[in-house]
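Colleague: Residue numbers (this note's numbering), protein chains in the order written: chain A, 1 to 328; chain B, 1 to 291.
Think of the CB as a built atom: it goes at the ideal place given N, C-alpha and C, for glycine as much as any other residue.
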Amino acid sequence: MGKAGVGTASELIGRFAAEIDDRRMFYGLLASATVLAAIVQPFASGLVVTTLYFIFMYVALAQAWNYISGYTGYGTFGPHAFIGLGAYALGAQVVYLDVSWPVALVGVAIVAVVVGAVLGVILLRISGIYFAIATLLVAEGMRLGFLAETTYMQGSIGLTIVRLSSIEVYALFGVLALASTIIAYETATSEFGLRLMAIREDEQALRTLGVNPLRYKLPAFVIHAVITSLAGAVYALSLGFLFPDTFFSIDLTITILLIVILGGISTVWGPVIGALLLIPLQEGLRLEFPDLHVLIFGVALVALVIYLPGGVMSKVKSAVEKRHSRGM
Amino acid sequence: MSDIFITLLINGVLLASIYLLISLGLTLVFGVMNVINFAHGGFIMAGGYVTYWLAGSFGVDPILSLVVVIPVVFAGCYAIQLSLLEKVIGQDDLYTLLLTFGILLVLESVFRLQFGTQSQTMEYLSAPVTFGEVSISMTRIATGAIGLIAAGALFAFLNWSRQGQAIRATSQAPNLAEASGIDSRRIRALTFGLGGVLAGIGGTAYFLTYSISPVGGRHLLLIAFVVVVLGGMNSLRGTVAAAFIVGIYQTFVQFQFGSTEALFTMFIGIAVLLLIRPHGLFGEPEGRLHG
């Protein structure tokens with residue numbers, strides 16, 4: 001009975017996954033998810049809305065991370081640098097330039113493009129562990145920089161900015177999650193995406209062929225920076241208050257990484273599945289076991305890396321292959 | 001004026017000896033396993049907390065507590081290597097980084113549950129020692145002495161013992177080492193245990209002068225990253241030189257401008273250094289750079 005149940009379930013997942021590569025299927029799913037998200041919102045209680053918008057936020061952040069680190073193979077440990085950058089770029093505009101927040105979000109994107117390009121040119125010259133450490137140190141350096149800056153950003157005192165209603169935050173994160181997933185899908189199925197994956201597989205070979213890898217990995221890094229900064233800016237709007245340690249926090253980065261690994265690295269649906277599974281669990285644990293949730297989180301991270309390094313999507317894919325081999 | 005200079009210099013050297021201890025463990029593990037160990041930050045605090053617990057519950061002298069710290073941390077790390085890290089050896093860097101970060105989170109939560117979130121300090125040997133106009137606190141001297149002695153012991157071990165030579169051989173030519181009969185699995189566990197011991201001793205020594213807290217290891221871990229990158233990932237000698245540069249630099253800049261400014265310039269400076277010299281000051285160019 002149990003075995004048959006598992007068989008049917010994997011059969012179902014397999015069928016779902018086989019059709020997921022289809023473009024119509026992809027946009028159909030996204031459209032229904034969007035409609036569902038719009039319908040659910042008015043009926044949901046405060047806690048559910050908060051959990052949902054955190055899911056959206058992490059979908060966007062995880063897609064952005066997957067972009068540079070999954071497809072391109074440059075594993076960054078510094079997304080929180082851009083989360084903080086986005087938050088403070090928004091804060092500076094809203095408080096000191098008296099800009100309304102929608103305009104400020106455009107400003108955040110511009111700042112992210114510039115900073116992302118500069119940092120990208122510097123950091124993308126190194127790879128592997130060096131890249132991971134350098135991105136982490138830059139993020140930590142930025143946190144300290146904003147802590148030390150006491151004149152405008154008021155360092156460790158914090159800066160109060162506008163705070164949006166949870167419905168507005170829900171909509172903004174929803175749009176961001178949707179856009180980042182579409183960008184991921186369009187990239188993964190394009191020639192540009194193929195080049196990114198070629199960089200991951202063998203950058204030296206690509207160079208030998210006369211291709212300058214920076215032409216591809218720099219745009220990938222900038223897109224990562226823009227999406228991550230915008231998510232940081234909206235996160236700031238949801239809190240209404242800026243404090244360096246809230247945004248330049250490695251815990252945000254680790255959650256992002258865990259989501260991508262859990263869902264499936266280098267896959268379009270991996271970040272979505274990972275966020276859907278992890279964030280409600282994390283929020284639940286935080287409420288139920290405030291003392292133990294970090295411990296459980298750590299154990300889960302260890303277990304996941306050892307037992308399911310390919311994530312949920314790898315299981316789905318192997319289910320598909322099994323089905324095909326049986327069918328043919 | 002020059003007295004201030006000498007005081008700062010001595011304090012810088014003493015701080016450097018802690019950094020040296022902590023960073024050597026990281027370099028050692030990286031050399032043999034090509035793993036950047038985030039859990040190292042947890043092992044540092046483990047040393048500090050064992051000392052804290054022994055002093056608080058049994059009144060054990062902090063320096064004497066090393067007798068317990070060393071075997072406990074060694075056994076723990078040996079077991080972690082064999083049961084967890086061994087399973088991801090040779091996989092993408094990302095997985096080892098995540099795995100060791102998971103271990104760090106577990107250790108931090110255990111410390112938090114056991115000892116609370118507040119930071120702990122210790123009253124120990126607080127009388128200053130005065131040489132003419134220069135005055136240095138006794139705890140700092142004890143802290144520095146532990147660091148230098150332990151680092152010296154490590155180099156002696158690596159140079160003259162068979163096990164130590166096997167570790168160096170595995171680090172320099174893993175395949176050749178295995179071909180000549182070295183059990184690389186055991187050497188990896190031994191190295192990881194040894195790296196943990198260096199962190200643990202470093203934690204005890206750090207605790208004599210500074211405060212420890214559940215997440216306090218993260219700060220020291222980042223500094224160790226700075227040292228290791230500056231020295232050139234795989235070079236033990238480079239780590240020694242870099243530890244002294246970082247320790248003395250931090251002490252002087254902190255005195256002149258403040259602690260946040262010192263750390264800020266260090267972290268950003270390292271990112272710039274990687275641009276100019278990706279293999280650090282003393283590392284071998286290329287090689288494992290793109291690994």
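(1) Counting only C-beta atoms, is Glu-288(A) closer than 7 angstroms to chain B at any point?
(2) Quick check on Ile-129(A) - is its C-beta less than 7 angstroms from some C-beta in chain B?
(3) Tell me the rounded alpha-carbon separation between Cys-77(B) and Gly-193(B).
(4) Does Met-45(B) pass the burial test, meaning 16 or more other C-beta atoms within 10 Å, or should it be called exposed?
(5) Compare the C-alpha of Leu-281(A) against each of Gly-145(A), Val-211(A), Val-48(A) and name the closest.
(6) Output, in chain order, the set of chain A residues within a Cβ distance shorter than 8 angstroms of Thr-260(B).
(7) Between Ala-271(B) and chain A, is there a C-beta pair that is closer than 7 angstroms?
(8) Can you pull the chain B residues whose beta carbon is under 9 angstroms from the beta carbon of Arg-125(A), in chain order?
(9) Taking 8 angstroms as the limit between beta carbons, can you name the residues of its chain near Ala-166(A), skipping five residues before and five after?
(10) Please report the straight-line C-alpha distance between Ile-68(A) and Ile-146(B), rounded to a whole angstrom.
(11) Closer than 9 angstroms, Cβ to any Cβ of chain B: which residues of the segment 277–302 of chain A, in chain order?
(12) Any Cβ of chain B within less than 7 angstroms of the Cβ of Ile-306(A)?
(13) With DSSP as the reference, label Ser-156(A) as helix, strand or coil.
(14) Kindly give me the distance between the Cβ atoms of Gln-254(B) and Ala-242(B), rounded to whole angstroms, as I take these residues to be in contact under 8 angstroms.
(15) Determine the DSSP secondary structure at Gln-204(A), reduced to helix, strand or coil.
(16) Can you grab the Cα-Cα spacing for the pair Leu-8(B) / Phe-252(B), in whole Å?
(17) Run the CB neighbour count on Ala-177(B), radius 10 Å, all protein chains shown included, and call it buried at 16 or more, exposed below.
(18) Does the distance from the CB of Val-197(B) to the CB of Val-73(B) come in under 7 angstroms?
(19) Taking only beta-carbon atoms, is Leu-242(A) less than 7 angstroms away from chain B?
(20) For a contact meaning CB atoms closer than 7 angstroms, what does Tyr-95(B) contact in chain A?
(21) The segment 74–99 of chain B: which residues have C-beta closer than 9 angstroms to a C-beta of chain A, in chain order?
(22) May I have a chain-ordered list of the beta strand (DSSP E) segments no shorter than 3 residues that lie completely inside the segment 107–136 of chain B?
(23) Based on the DSSP output, what are the partners of Phe-241(A) in its beta bridges?
(24) Check Ile-126(A) in the structure and name its three-state DSSP category.
(25) Let's test the definition: count the other Cβ atoms within 10 Å of the Cβ of Gly-287(B) and tell me whether it reaches 16, buried, or not, exposed.
(26) Taking the continuous alpha helix (DSSP H) assigned at Trp-160(B), which residues delimit it?
(27) Could you please give me the residues that DSSP links to Ile-212(B) through a beta bridge?
(28) What residues from chain B crowd round Glu-140(A), counting only those whose CB sits closer than 7 angstroms?
(29) Given Thr-121(B), which residues of its chain have a CB within under 6 angstroms of its CB, disregarding the five upstream and five downstream residues?
(30) Please determine if the segment 176–192 of chain A and the segment 96–112 of chain A are in contact, where contact requires at least 3 C-beta pairs separated by less than 8 angstroms.
(31) Taking CB distances under 7 angstroms as the criterion, tell me whether His-290(B) reaches chain A.
(32) Less than 6 angstroms between C-beta atoms, sequence neighbours within five positions excluded: which residues of the same chain meet that for Val-59(A)?
(33) Take Gly-56(B) as the anchor and find which of Phe-5(B), Tyr-124(B), Ile-70(B), Ala-156(B) has the nearest alpha-carbon.
(34) Consider the Cβ of Leu-218(A): report whether some Cβ of chain B lies at a distance smaller than 7 angstroms.
(35) May I have the straight-line CA-CA distance separating Phe-192(A) from Leu-214(A), to the nearest angstrom?
(36) Going straight from the alpha carbon of Arg-162(B) to that of Gly-90(B), what length do you get?
Modeller: Reading off the structure:
(1) The residue given as residue 288(A) occupies position 288 in the first sequence. Cβ-Cβ to chain B under 7 angstroms: no for Glu-288(A).
(2) On the first sequence, residue 129(A) is found 129 positions in, with the first residue counted as 1. At a cut-off of 7 angstroms between beta-carbon atoms, Ile-129(A) makes contact with chain B.
(3) As a first step, residue 77(B) must be located in the second sequence, where it is residue number 77. As a first step, residue 193(B) must be located in the second sequence, where it is residue number 193. If you take the alpha carbons of Cys-77(B) and Gly-193(B), they lie about 5 angstroms apart.
(4) Locating residue 45(B) in the second sequence gives position 45, counting from the first residue. Buried, since its Cβ has 16 or more Cβ neighbours within 10 Å.
(5) Within the first sequence, residue 281(A) is the residue found at index 281, counting from 1. Ranking Gly-145(A), Val-211(A), Val-48(A) by CA distance to the CA of Leu-281(A) puts Val-48(A) first.
(6) As a first step, residue 260(B) is located in the second sequence; it is residue number 260 there, counting from the start. Simply Leu-144, Leu-147, Ala-148.
(7) For the purposes of this step, residue 271(B) is taken as the residue at position 271 of the second sequence. Flagged as an interface residue toward chain A: Ala-271(B), by a C-beta distance shorter than 7 angstroms.
(8) By 1-based counting over the first sequence, the position of residue 125(A) is 125. The contacting residues are Leu-274, Leu-275, Pro-278.
(9) Along the first sequence, read from residue 1 onward, the residue named residue 166(A) stands at position 166. Reading the sequence as shown, one finds Ser at residue 166(A) and not Ala. Cβ neighbours of Ser-166(A) within its own chain (closer than 8 angstroms, five residues either side excluded): Gly-46, Val-49, Thr-50, Tyr-53, Ser-238.
(10) Taking the first sequence and counting its residues from 1, one reaches residue 68(A) at position 68. Taking the second sequence and counting its residues from 1, one reaches residue 146(B) at position 146. Roughly 43 angstroms between the two C-alpha positions.
(11) Asp-291, Leu-292, His-293, Val-294, Leu-295, Ile-296, Phe-297, Gly-298, Val-299, Ala-300, Leu-301, Val-302
(12) Translated into positions along the first sequence, residue 306(A) becomes position 306. Judged by the 7 angstroms Cβ criterion, Ile-306(A) is in contact with chain B.
(13) Position 156 of the first sequence, counting from 1, holds the residue named residue 156(A). The answer is coil: DSSP assigns Ser-156(A) none of H, G, I, E or B.
(14) Translated into the one-based positions of the second sequence, residue 254(B) becomes position 254. Translated into the one-based positions of the second sequence, residue 242(B) becomes position 242. With a Cβ gap of about 18 angstroms, Gln-254(B) and Ala-242(B) do not count as contacting.
(15) Sequence index remark: in the first sequence, residue 204(A) carries index 204 (1-based). Reduced to three states, the DSSP call for Gln-204(A) is helix.
(16) Numbered from its first residue, the second sequence carries residue 8(B) at position 8. Numbered from its first residue, the second sequence carries residue 252(B) at position 252. If you take the alpha carbons of Leu-8(B) and Phe-252(B), they lie about 6 angstroms apart.
(17) Looking up residue 177(B) in the second sequence gives position 177. Per the 10 Å Cβ criterion, buried.
(18) On the second sequence, residue 197(B) is found 197 positions in, with the first residue counted as 1. On the second sequence, residue 73(B) is found 73 positions in, with the first residue counted as 1. Yes, the Cβ-Cβ distance between Val-197(B) and Val-73(B) is below 7 angstroms.
(19) Residue 242(A) sits at position 242 when you count from the first residue of the first sequence. Not one chain B Cβ lies under 7 angstroms of Leu-242(A).
(20) As a working note, residue 95(B) is residue 95 in the second sequence. Neighbours of Tyr-95(B) in chain A, taken as residues whose beta carbon is under 7 angstroms from its own, are Val-305, Pro-309 in chain order.
(21) Leu-84, Lys-87, Val-88, Gln-91, Asp-92, Asp-93, Leu-94, Tyr-95, Thr-96, Leu-97, Leu-98, Leu-99
(22) 128–131
(23) In the first sequence, the residue the question calls residue 241(A) occupies position 241. According to DSSP, which records beta bridges pairwise, Phe-241(A) is partnered with Thr-160(A).
(24) Position 126 of the first sequence, counted from the start, is the residue given in the question as residue 126(A). DSSP places Ile-126(A) in coil when its eight states are reduced to three.
(25) Here the question's residue 287(B) lines up with position 287 in the second sequence. Below a pLDDT of 50, predicted positions are generally treated as unreliable, and Gly-287(B), at 46, falls in that range; no measurement from the model is reported.
(26) Against the second sequence, residue 160(B) aligns to sequence position 160. Looking at the DSSP string, the run of the alpha helix (DSSP H) that includes Trp-160(B) is 138–160.
(27) Start at 1 with the first residue of the second sequence, and residue 212(B) comes out as number 212. In the DSSP output, where bridge partners are listed per residue, Ile-212(B) has Gln-120(B).
(28) For the purposes of this step, residue 140(A) is taken as residue 140 along the first sequence, with counting starting at 1. By Cβ distance, chain B contributes Leu-222, Phe-267.
(29) Translated into positions along the second sequence, residue 121(B) becomes position 121. Only Ser-211 meet the Cβ criterion.
(30) no
(31) Position 290 of the second sequence, counted from the start, is the residue given in the question as residue 290(B). Any reading at His-290(B) needs caution, since the residue's pLDDT is 38, under 50, leaving its predicted position unreliable; the model's value is listed next. Output row for His-290(B): interface = yes.
(32) Here residue 59(A) is taken as the residue at index 59 of the first sequence, counted from 1. Cβ within range, chain order: Ala-177, Pro-271, Val-272, Ala-275.
(33) Counting from 1 along the second sequence, the entry for residue 56(B) is found at position 56. If you compare the alpha carbons of Phe-5(B), Tyr-124(B), Ile-70(B), Ala-156(B) with that of Gly-56(B), the shortest gap goes to Tyr-124(B).
(34) Walking along the first sequence from the start, residue 218(A) turns up at place 218. No, Leu-218(A) does not count as interfacial toward chain B.
(35) One-based indexing of the first sequence puts residue 192(A) at position 192. One-based indexing of the first sequence puts residue 214(A) at position 214. Computed Cα separation, rounded: 12 angstroms.
(36) Numbered from its first residue, the second sequence carries residue 162(B) at position 162. Numbered from its first residue, the second sequence carries residue 90(B) at position 90. As the crow flies, the alpha-carbon of Arg-162(B) is around 26 angstroms from that of Gly-90(B).
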